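J.: Quick note: the sequence shown uses this note's numbering, first residue 294, plus one each step. Heads up, the beta-carbon is just placed ideally off N, CA and C, and yes, glycines get one too. None of these values were measured; they are calculated from a predicted model.
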Amino acid sequence: MYKQIGLITGGGDAPGLNAVIRAAVRTAVREFGMKCVGIEDSFEGLIGEMQTMKLTTKSVGGILPRGGTILGTRNSGSFCCFVDGKTIFPEEAIREAIENLRRLEIEALVVIGGDGTLAIAQEFSKRGIPVIGVPKTIDNDLAATELTFGFMTAIDIATEALDRLHTTAASHDRVMILEVMGRHTGWIALHAGLAGSADIILIPEIPFSFESMVQKIYSREKSGSRFTNIVVAEGAAEVGKSEIYKAAGDKKTAPRLGGVGDYIGHKIEEMTGKEARCVVLGHLQRGGSPNAFDRMLGTNFGACAVRALANGQTNKMVALQAGTVITVPLSDAIANIKNVSSDGQLVRTARDIGISFAAPKEAKL
Ligand code: F6P
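1. Do you know how far the Cα of residue 502 is from the Cα of residue 593?
2. Just to confirm, are residue 427 and residue 608 a CB contact at a threshold of 8 Å?
3. What three-state label does DSSP hand residue 588 in the structure shown?
4. Would you say the beta carbon of residue 595 comes nearer than 7 Å to a heavy atom of ligand 1?
5. Relative to the alpha-carbon of residue 529, which residue among 546, 543, 513, 552 has its alpha-carbon at the smallest distance?
6. Using a 10 Å radius around the Cβ and a threshold of 16 neighbouring Cβ atoms, would you call residue 492 buried or exposed?
7. Assuming residue 662 contacts residue 438 under a Cβ cut-off of 8 Å, what Cβ separation, rounded to an integer in Å, is found between them?
8. In angstroms with no decimal places, state the Cα-to-Cα distance between residue 307 and residue 360.
9. In angstroms, rounded to a whole number, what distance separates the CA positions of residue 448 and residue 349?
10. Run through DSSP, which three-state label would residue 622 get?
11. Could you work out which residue in 330, 441, 475, 338 is closest to residue 576 when comparing CA atoms only?
12. Leaving out five residues on either side along the sequence, give the residues of the same chain with a beta carbon under 6 Å from the beta carbon of residue 452.
13. I'd like the list of long-range same chain contacts for residue 367, defined as Cβ closer than 6 Å, with 5 residues on each side in sequence excluded.
14. Does at least one heavy atom of ligand 1 sit under 7 Å from the Cβ of residue 440?
15. CB residue 431 to CB residue 481, shorter than 8 Å?
What follows is the structure, given as structure tokens:
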């Protein structure tokens with residue numbers, strides 16, 4: 294049995310991170326008699342001056358409903374960089390971090406993060422550090438798990454935004470566009486669009502056409518609805534075009550998406566003469582208290598991750614499959630992202646109830 298384990302939160306924050314930390318610490322201390330150390334600001338806390346904190350059942354008291362992460366997080370830093378489209382894990386930083394883990398007497402790690410963070414975790418595992426990953430991202434795009442924690446809270450927030458936009462859209466006979474997160478995948482847009490009764494859902498997996506979008510707006514007008522609600526994932530793109538970026542990336546930082554909602558609004562005004570407004574939901578989807586489901590899922594993930602470590606498992610990630618938390622190889626989790634299937638059940642349901650994805654072939658809708 295390990296005497297002491299380390300906990301790390303990495304990547305963009307997501308509601309439920311503190312639920313995972315609390316459950317992992319409680320399980321480690323109460324069930325297995327292990328001590329816990331929190332590593333601050335993702336893996337960065339393991340190099341240079343080193344930033345760590347002792348985690349006890351007392352110190353994690355009261356954090357369950359709190360947003361963010363008590364450990365701090367980073368989604369760029371010394372452990373990964375991008376060269377010629379390839380991700381590199383600098384050996385020097387990893388070596389220093391591993392030496393410091395030994396110095397701190399941390400024998401194993403629970404790493405809570407998305408694909409980027411878990412890819413770094415795998416590098417530690419390859420070099421002999423026992424690692425269990427916990428899948429986090431509001432985008433829900435991690436393969437090998439049906440759900441990541443944080444996603445359900447993000448949907449709640451996006452759904453409430455759509456509800457609110459609905460009443461103002463209807464009052465002004467406007468086209469309202471809600472831009473939500475979803476870099477590569479449209480899970481948030483799809484789920485919130487269904488729950489918040491969007492008329493058009495635009496996702497990266499289904500390139501959109503303006504003709505089709507305008508056709509849908511006109512068909513609603515004909516049937517007496519003079520307003521239209523659109524939800525668009527930040528990574529959605531027009532047929533034959535690329536996504537829209539707000540900031541270019543560099544060696545250390547990935548390019549930042551943003552602007553597709555405004556682009557759509559201008560184009561729709563141009564094509565229809567109708568007024569359009571765009572709201573970018575942004576980091577409101579990530580901040581604040583997790584909902585009940587994410588508190589529960591985060592808690593279960595945290596406890597299961599520590600049990601897996603205590604049982605001698607390593608290089609694995611806890612994952613939700615068919616309602617049960619199991620472990621899967623880390624490599625399965627990071628090999629591919631999980632996309633919305635364009636002919637999957639939810640897309641079909643959305644189409645059946647009259648929601649458009651503005652695909653060119655939907656122009657008849
Ligand atoms: O990975 C989650 C995510 O929310 C993406 O959808 C989004 O593009 C990104 O994080 C933004 O992260 P930040 O603004 O913190 O760099």
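T.: In short:
1. 42 Å
2. no
3. helix
4. no
5. 552
6. buried
7. Nothing in the structure corresponds to residue 662, since the chain is present only between 294 and 658.
8. 8 Å
9. 32 Å
10. strand
11. 475
12. 485, 488, 489
13. 334, 335, 337
14. no
15. yes
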